[in-house]
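Sequential numbering from 696 applies to the sequence shown in the numbering used here.
Just so you know, even glycine gets a beta-carbon here, dropped at the ideal spot from N, CA and C.
This structure is a prediction, so every number in the text was calculated from the model and none was measured.
Notes for the one structure printed next.
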Amino acid sequence: MSIIGIESLVYGVEEKDFADSVRFFEDFGLPLRKVSEGLATFRLAEGSHVEVRKLDDPWFLPSAQRGTGVRECIWGVESQESLEELLIDLRRDHDVRLDEDGTARFTTAFGQAVGLKVWRKLPVHSAPTPFNSPGNFNRVNQVRKWIRRAIPTTIQHVVWAFPDVNQVLDFYRDRLGFRLAEIQIGAGVYVRASGAQDHHNIFIADASNQALGFDGSISFHHANFGVEDIDELMVGKNYMERRGWPRSSWGMGRHRISSGAFLYLKCPAGGEAEYGADIDVLDDRWVPHVWEARFGSNIFIHDMPVFLQDEVQWDVGYCEPDARYPDPSASVGECDGLLVKPAVTMA
Ligand SMILES: [Fe+2]
């Protein structure tokens, strides 16, 4: 019963923001497939989609989510047989409807609209320019690749905040087969679909974390779109600024959790859109980490937010894959399911 990734992200936007949302995603580099009154569809190289709809579109299922942004993620399932296996279980306590195209859609007990659909994920290619470093020559008499635009080829992850992180973790892990990748204390948990190798496909953020801008309700935060390398990421940044979109508040950086290079841009369709490059790839041999939140957040960042301006204490451990999200005030050493806390004292 394998979910293999994100088949579609369906945004709900204010009517006044619909045209800007379409223009934003075009400038961001998503290939526009079709646009009509109240519905725009983009299709990425891997065969995934971004849809933009108006918030009051009757297409949306009832949900407890507040605000604009991704109001429904449709998860791609490897086969009809796998989808039916998932639905046998889900129908026990969910009202599942089937759309004409075979997409199964329902609202969870915690109030999130979710979709499942058989998906043929297409292979994508990339060929990042090799790096040279002192004494290590991977590129001799050869220049770096020059490009004019960023064109994301994949949707890597999506982030919402939830009031009860463990309720959401239980659902995705126990009912949909997701794997725990990381726990970031006070911030949330990272989970990966069992048939995907992205470091995470969802960051289940803790809605009680006001420093992340949450107000305790279910809300969308950002979606991550995969580009080839940091050159493409920065070419995309420059292009978006030339097109008049606001500058990123953090600028480019690299997360310690997932190792991913990032660039977040405020998006008129809600939340932020993230260019992502060089993210860790995982399989079921991965051992999850438990992180002190600030230590896990970044290796470096161009424009440091206030919470990173002091030197950060190194603090990380390993945990069981069935570990749960601890109280936000817990330390790494106090987490249930902790396998080992390395004696790291560097600061
Ligand atoms: Fe992200």
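- Closest by C-alpha distance to Ala972, out of Phe909, Asp926, Glu702 and Val747, is Asp926.
- Straight through space, the alpha carbons of Gly830 and Val745 are spaced by roughly 44 Å.
- Setting aside the 5 residues that flank it on each side, Val791 is surrounded in the same chain by Leu782, Leu785, Ala799, Arg800 and Phe801, each with a C-beta closer than 8 Å to its C-beta; the list follows chain order.
- In the DSSP assignment, Glu877 is bridged to Tyr885 and His984.
- Counting along the chain, Leu928 sits inside the alpha helix (DSSP H) bounded by residues Ile925 to Arg937.
- A Cβ-Cβ distance of about 6 Å is found for the pair Ala956 and Leu928, placing them in contact under the 8 Å criterion.
- For Leu704, the beta-bridge partners assigned by DSSP are Val745 and Cys768.
- Taking every protein chain shown into account, the CB of Val886 has 16 or more other CB atoms within 10 angstroms, so this residue is buried.
- Look at the beta carbons and you see the stretch 867-878 touching the stretch 974-992: at least three pairs across the two are nearer than 8 Å.
- Bridge partners of Arg738 according to DSSP: His744.
- Cβ neighbours of Arg728 within its own chain (closer than 7 Å, five residues either side excluded): Thr736, Phe737 and Arg738.
- A buried status is given to Gln851, since no fewer than 16 other beta-carbon atoms sit within 10 Å of its beta-carbon.
- Beta-bridge pairing by DSSP links Tyr959 to Glu969.
- Counting along the chain, the unbroken beta strand (DSSP E) around Phe801 starts and ends at Ala799 to Thr802.
- Comparing C-alpha distances from Gly991 to each of Gly707, Arg937 and Ile952 shows the shortest one belongs to Ile952.
- Considering only Tyr706, Arg844 and Glu773, the residue with the shortest C-alpha distance to Arg937 is Arg844.
- Only buried fits Gly921, as 16 or more other CB atoms lie within 10 angstroms of its CB.
- Put simply, of Val1011, Arg949 and Glu732 the residue whose alpha carbon is nearest the alpha carbon of Gly1028 is Val1011.
- For Thr848 against Glu741, the beta-carbon gap comes to about 6 Å, under 8 Å, which counts as contact.
- The C-alpha of Glu767 is placed about 8 Å away from the C-alpha of Phe755.
- Excluding five sequence positions before and after Lys812, the CB atoms of its chain that fall closer than 8 Å to its own CB belong to Glu702, Ser703, Ile769, Trp770, Gly771, Val772, Leu778, Asp796, Gly797, Thr798 and Ala799, given in chain order.
- Residue state for Ala906 is assigned as helix, using DSSP reduced to three classes.
- Not one heavy atom of ligand 1 falls within 6 Å of the beta-carbon of Asn993.
- Minimum Cα-Cα distance from His895 among the listed residues Ser1024, Arg874, Glu1006 and Asp788 corresponds to Arg874.
- Distances from the CB of Glu969 to the heavy atoms of ligand 1 include at least one below 6 Å.
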